[in-house]
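Reviewing the structure listed below.
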DNA sequence: CCATCGTGGAGGTTTACATCA
DNA sequence: TTTGATGTAAACCTCCACGAT
């Protein structure tokens, strides 16, 4: 069963499905894959860089403000990523004071901290949607199998049927269609459980298929990637 | 109330960089 | 060693909701 997050400040999804080990570990930026070189990083302890970057951040970040200045890509250091992750775990949103404090602590611009949180929230949501999609796919498969089983059972019971075409219900004395009836193997009483269960399963399948389709389209057009992702359902 | 403005988040896109065949 | 395909994440853009004035 899926335990959907009810607290907005804690987005990690916990899904426990037999045979499906979810690993909601936070992305750690590839560990050793990330180079230590950081083009936006302060070379070493320049206080004037910090103050300058804080003050004219709108210039350096503005797309058209930079005019010919090509967009340079920052790679966060492991320490910076870890700190941001830790902060994100505490709270998924930023207020201006916290943003400034983090920027100062990380020697980044406030805008960079803000962007990182935006992207991190998007990744978190994408991951959640992917897991939900995976869960619904499994649910759909399970229900389809259950449906097949029940259909077979109905067919078998119909084939076995030797009783008259209609039976009077023991509850309200209304005539029932024999085709909707089943025989309880224990008490040998006629019941309608199989047909009822079949109806329920059919309804569930419709619901699961609809939801899975919606989620698949969401995941397929990933919020973070313009290119097709391998994680798409 | 209603209009306007500023702010922040969501969703989507672009782009620089890393990795691998 | 070079190169093209692909994945990842930072940066950006647009839209919308919401609160303040």
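In our numbering, the protein residues as written are 146 to 378.
Idealized CB from N, CA, C, for every residue including glycine.
All of these numbers come straight from a predicted model, not from anything done at the bench.
- Residue state for residue 344 is assigned as helix, using DSSP reduced to three classes.
- In this structure, the straight-line span from the alpha carbon of residue 247 to that of residue 273 is close to 26 Å.
- When the alpha-carbon of residue 229 is set against those of 251, 296, 241, the nearest one is in 251.
- With a cut-off of 8 Å on Cβ pairs, the segment 255 to 265 is not in contact with the segment 284 to 302, counting fewer than three such pairs.
- Note on geometry: alpha-carbon atoms of residue 304 and residue 296 lie some 12 Å from one another.
- Counting only runs that start and end inside the segment 237 to 291, the alpha helix (DSSP H) elements of at least 4 residues fall at 241 to 251.
- Judged by their CB atoms, residue 353 and residue 285 are nearer to each other than the 8 Å cut-off.
- With contacts defined as CB atoms closer than 8 Å, residue 244 and residue 255 qualify as a contacting pair.
- A Cβ-Cβ separation of about 7 Å places residue 253 in contact with residue 225 under the 8 Å criterion.
- Annotation for residue 234: the continuous alpha helix (DSSP H) segment containing it runs 223 to 235.
- If you draw a straight line from the Cα of residue 282 to the Cα of residue 271, it comes to about 16 Å.
- The beta carbon of residue 350 lies closer than 8 Å to those of 285, 288, 289, 292 in the same chain, with the five residues before and after it left out.
- Exclusion of the five residues before and after residue 239 leaves 247, 258, 259, 262 as the residues of its chain whose Cβ lies within less than 8 Å of its Cβ.
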